[in-house]
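Data block below; observations after.
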Amino acid sequence: MNTTCEIAANSDVTGTGIRASIYTLCLASGILKTIIKHYTSPSSYSDFTRSLDSALQLQGLALLFTAIYQTFRQQLTLFHAICVLHILSLLGFGLTSKGEYGTKGRIRRIVLLVSQYLIAGAFLAFAAYIWITAPTFGSQPLCNASTIYVIFGVSINATEEVFRYVFLGLMSAMIIGAAIAMTCFGTIAACLCGLHRRDRTISSQDIASAGSVLARVQFLQGNGKSASLQAEVIAVGIRTGVNLYAIVTLEQTIGRNHVGKEERDWSFGQVLAIFMLVGVAVEVVSIFLARMDEKRKLAKGGDAEMAGQLKTNNQEGIDETEMLHPMAGGR
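Residue numbers (UniProt numbering): 1 to 331.
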């Protein structure tokens, strides 16, 4: 641990409850999505993924704007700013609605796209400002020279020029690559999908047509399905491994810096973050309970259908008997 300078605690940014909530959501998200995808209906799976993505991205967005606000007020240290960037790489950030609310028309697409650009721009500006002004950044510039960041278990001084320029270069490359990719994707989508039309909307009929086409795809002897499931498991394993590395790295970074003991104190923000886990747990339990109710209804429906079939068969047997012995009833 670096003991040269004690960093002021900021439990609303890197408190124990905040980190516990983020770690749980990040590690569980991929696993839960894979399990529930094969357990429930496509519509229920879509609702669950939107709810989970909303919980992750809104928590990341709240953390981002908390850090930006504290930076303007000179309340954020370089150590906590670096931790925020690290946590946001785990969480992501953005605005995701939990419901579909009709079709995705032109106005809705434009509003969502503009909001995503603004949020991404705020993050990039914040990150660039941190690395450019690292030696003098924040509320404790005297502690910046001793602030440590851990990469692959190696302690690196956060104000090291080479380290900062590497991060800035990677950010610039990501921005250029994202701009080129989005331009190409937008051009292809406009040409092939007719997105240039004003009345273009994604309706339920389009989704149903795509679903019917996918439903007609037949996998020879089930090899395609097993390969698809294997690919999903591998993808979840890789994602979980990356998240575990990021979590371990963040904990090493916190452990190798001299942070005030108040960092472990529980505040309202940490309790609120923990209760976000309760919301996700309610979604998971609701899906399993709905599945149980569905199976129960199907079982009752099958019993009722069987009883109706037996009644019909008995009635047909009586009718046949009366046809064979028409005078039997009058004796």
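Built from N, CA and C at the ideal position, the CB exists for glycine as well. It should be emphasised that the depicted structure is a prediction, and the values quoted were computed from it without experimental measurement.
Shortest alpha-carbon distance to residue i belongs to which of the options?
| i | options | result |
| --- | --- | --- |
| G17 | V242, R106, R264, F65 | R264 |
| Y245 | E161, C184, G153, S46 | G153 |
| I151 | L142, A181, C143, F163 | F163 |
| E283 | T40, A9, D12 | T40 |
| L32 | I132, A67, G237, A273 | G237 |
| L52 | H38, T24, T71 | T24 |
| S21 | L277, W266, V233 | L277 |
| N144 | K297, E6, L289 | E6 |
| E161 | A28, I188, W131, L170 | W131 |
| Q74 | A273, A127, T136 | T136 |
| A120 | F79, L61, T133, Q70 | L61 |
| T253 | I82, V233, E232 | I82 |
| R19 | T240, E251, F167 | E251 |
| G92 | C26, F126, S115, G279 | C26 |
| F72 | S267, Q270, F126 | F126 |
| F123 | I234, G94, R239 | G94 |
| T133 | T159, S155, S146 | T159 |
| A128 | A9, H38, I175, Y117 | I175 |
| L76 | Y45, A173, Q140 | Q140 |
| Y149 | M292, R256, L168 | R256 |
| R239 | D293, Y117, A181, S29 | S29 |
| T49 | F268, W266, L170, I287 | I287 |
| G241 | L90, K297, Y69 | L90 |
| A9 | W266, E262, Q70, K295 | E262 |
| G138 | L170, Q70, I188, L85 | Q70 |
| S43 | F275, R291, V280, K300 | R291 |
| S11 | Y45, S46, V84 | V84 |
| T249 | E232, I156, Y117, R108 | I156 |
| M182 | S146, Q116, L298, L142 | Q116 |
If you run the structure through DSSP and keep just helix, strand and coil, what is residue i?
| i | result |
| --- | --- |
| L118 | helix |
| N10 | coil |
| R19 | helix |
| S46 | helix |
| L214 | Confidence in L214 is poor, its pLDDT being 49 and thus under 50, which makes the residue's placement unreliable; the coordinate value appears in the next sentence. It is helical. |
| R200 | Summary for R200: the model assigns pLDDT 49, below 50, so the residue's position carries little reliability; its value from the coordinates is reported in the next sentence. Coil, per DSSP. |
| A328 | At A328 the pLDDT is 47, less than 50, meaning the model places this residue with poor confidence; the figure from the coordinates comes in the next sentence. Reduced to three states, the DSSP call for A328 is helix. |
Taking the beta carbon of residue i as the centre, do at least 16 other beta carbons fall within 10 Å, making it buried, or is it exposed?
| i | result |
| --- | --- |
| Q59 | buried |
| V184 | Here residue 184 is Cys; the residue named in the question, Val, does not match the sequence. When all chains shown are included, C184 counts as exposed. |
| Y165 | exposed |
| I36 | buried |
| G15 | buried |
| A55 | buried |
| V111 | exposed |
| G260 | exposed |
| L63 | buried |
| V13 | buried |
| I87 | buried |
| L113 | exposed |
| H38 | exposed |
| residue 334 | It is not possible to answer for residue 334, since the shown part of the chain is limited to 1 through 331. |
| A173 | exposed |
| Q230 | exposed |
| G169 | exposed |
| F268 | exposed |
| F275 | exposed |
If you follow the alpha helix (DSSP H) that residue i is in, where does it begin and where does it stop?
| i | result |
| --- | --- |
| S89 | 78-91 |
Name the two residues that bound the continuous beta strand (DSSP E) containing residue i.
| i | result |
| --- | --- |
| residue 368 | A question about residue 368 goes unanswered here, because the residues of the chain that appear run from 1 up to 331. |
| V154 | 154-157 |
Quick one: is the Cβ of residue i within less than 8 Å of any heavy atom of the ligand PLP?
| i | result |
| --- | --- |
| S43 | The ligand PLP is not among the ligands present in this structure, which contains no ligands whatsoever. |
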